[in-house]
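**Student:**
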Amino acid sequence: MAGASLFTLLDDIASLLDDVSLLTKVAAKKTAGVLGDDLALNAQQVTGVNADRELPVVWAVAKGSLLNKAILVPAALAISAWLPWAITPLMMIGGAFLCFEGVEKLAHRFLHSRDEDAQRHARQLQALADEKVDVVALEKDKVKGAIRTDFILSAEIIVLSLGVVAGVPFSQQIMVLVAIALAMTVGVYGLVAGIVKLDDLGLYLTRKGAAAAAVGRGILWLAPWLMRVLSIAGTAAMFLVGGGILVHSIGPLHHALEGLAPQGAWGSVVLNLGNALVGMVAGALVLGAVMLFQMIRGQGRDRGPGTRDP
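Mapping the sequence shown onto full-length UniProt numbering, position 34 (from 1) lands on 34, and the numbers just tick up by one.
(1) Just confirm the distance between the C-beta atoms of A103 and A284, as a whole number of angstroms; I'd bet it's less than 8 Å.
(2) Less than 8 Å separating the beta-carbons of L240 and G279?
(3) First and last residue of the alpha helix (DSSP H) that includes W266?
(4) Please check the pair P84 and A179, which I expect to be a contact at CB under 8 Å, by giving their CB distance rounded to whole angstroms.
(5) What three-state label does DSSP hand R109 in the structure shown?
(6) Measuring alpha carbon to alpha carbon, tell me which residue in R228, T206, L55, S249 is nearest G163.
(7) If we ignore side chains and look at the alpha-carbon of each, how far apart do Q44 and A146 end up?
(8) How many Å lie between L67 and L182 at the Cα?
(9) Where does the unbroken alpha helix (DSSP H) through A256 begin, and where does it stop?
(10) Can A81 and F151 be called in contact, C-beta distance under 8 Å?
(11) For the alpha helix (DSSP H) containing L83, list its first residue and its last residue.
(12) Starting from G209 and walking both ways along the alpha helix (DSSP H), at which residues does that stretch end?
(13) Would you identify the three-state DSSP class for A193, choosing helix, strand or coil?
(14) Taking the C-alpha atoms as reference points, what is the distance between S65 and A193?
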């Protein structure tokens, strides 16, 4: 009897872990758009830091990210327990904010020239070379800025994950959210650390044999392109995921898009394009509202659209 109970308990635990694993995978897919932008943004946040300080800065931001999630996960669980009706509106707010960020990044590309970006980058390099500049203070500012960005993106990740696990037992919600929080932090900042040190790896390999040197030169050529690809992929994913959240949260719109989509593989393509289009429109509307609010407050000249780094 005791043995049977033990095996029953083990089976229940195994089943629970399977459920948690499945839900975690689903939640991870839901948050892919946020992560794409999270990865690109955080890698950009720590550029412009002295090479020997890059990893300590990444580690400092990663610790701040863990603290963010230590605040956000209990808050999300409390919402799930006492205000479950708020999950869908919060998801819609998160989706709309994703779309807004995507449109803002596109606006930056169209409203700011490459020369302006190059001048800003040159000022950063000049500041690093100036002995009068407090590098420690500069690092702290970058860390604080990256942690603030991480808080917003982490909130979106946790809210999206909460929407996936809203109907499951509380214990599974805890395990899934904690798993997502840890996996996303380790994954994102592990990759960020790798990205910011790619150039060092390339330089190291160029000093080795002919084959290794060729690989090193390839890495040095690839590194700047990798950031561009991450940024583009992240922006596209923001529209797909953010628009998808809005579409699924608005029943008539969801059914209308499903009615337009043909059967088969093309149906998925049409749905994704529809989600992206809805995301772009929603982001443009939010950006317009933000600009109008700034104009009313008399701050329209101080901060135009897309002033955040691309």
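Quick reminder that beta carbons are idealized off the backbone N, C-alpha and C, glycines included. Computed from a prediction, not measured in an experiment: that's the story for all the values here.
**Tutor:** This is what the structure holds:
(1) Against the sequence shown, residue 103 aligns to sequence position 103. Against the sequence shown, residue 284 aligns to sequence position 284. In the sequence under discussion, the amino acid at residue 103 is Val, which differs from the Ala named in the question. About 5 Å; that satisfies the 8 Å criterion.
(2) Taking the sequence shown and counting its residues from 1, one reaches residue 240 at position 240. Taking the sequence shown and counting its residues from 1, one reaches residue 279 at position 279. For L240 and G279, yes; Cβs fall inside 8 Å.
(3) Residue 266 sits at position 266 when you count from the first residue of the sequence shown. Membership of W266 in the alpha helix (DSSP H) is indicated by the continuous run 265-296.
(4) Translated into positions along the sequence shown, residue 84 becomes position 84. Translated into positions along the sequence shown, residue 179 becomes position 179. Rounded, the Cβ-Cβ distance is 21 Å, inconsistent with contact.
(5) The residue you call residue 109 lines up with position 109 of the sequence shown. Assigned with DSSP and collapsed to three states, R109 falls in helix.
(6) Residue numbering aside, residue 163 sits at position 163 when the sequence shown is read from its first letter. Comparing Cα positions, the closest option is S249.
(7) Looking up residue 44 in the sequence shown gives position 44. Looking up residue 146 in the sequence shown gives position 146. Residue placement at Q44 is poorly supported in this model, since its pLDDT is 48, which falls under 50; the coordinates are not used for a value here.
(8) Within the sequence shown, numbered from 1, the residue matching residue 67 stands at position 67. Within the sequence shown, numbered from 1, the residue matching residue 182 stands at position 182. When rounded, the distance between both Cα atoms is 11 Å.
(9) Here residue 256 is taken as the residue at index 256 of the sequence shown, counted from 1. Per DSSP, the unbroken alpha helix (DSSP H) holding A256 starts and ends at 251-260.
(10) Taking the first residue of the sequence shown as position 1, residue 81 is located at position 81. Taking the first residue of the sequence shown as position 1, residue 151 is located at position 151. Taking 8 Å as the cut-off, the Cβ atoms of A81 and F151 do not count as close.
(11) Counted from its first residue, the sequence shown places residue 83 at position 83. Segment: none, L83 is in no alpha helix (DSSP H) and carries neither H nor E.
(12) Translated into positions along the sequence shown, residue 209 becomes position 209. For G209, no alpha helix (DSSP H) run applies, since DSSP gives it neither H nor E.
(13) Stepping through the sequence shown from its first residue, residue 193 is reached at position 193. A193: helix per DSSP, three-state reduction.
(14) Here residue 65 is taken as the residue at index 65 of the sequence shown, counted from 1. Here residue 193 is taken as the residue at index 193 of the sequence shown, counted from 1. A straight-line Cα-Cα distance of about 14 Å links S65 and A193.
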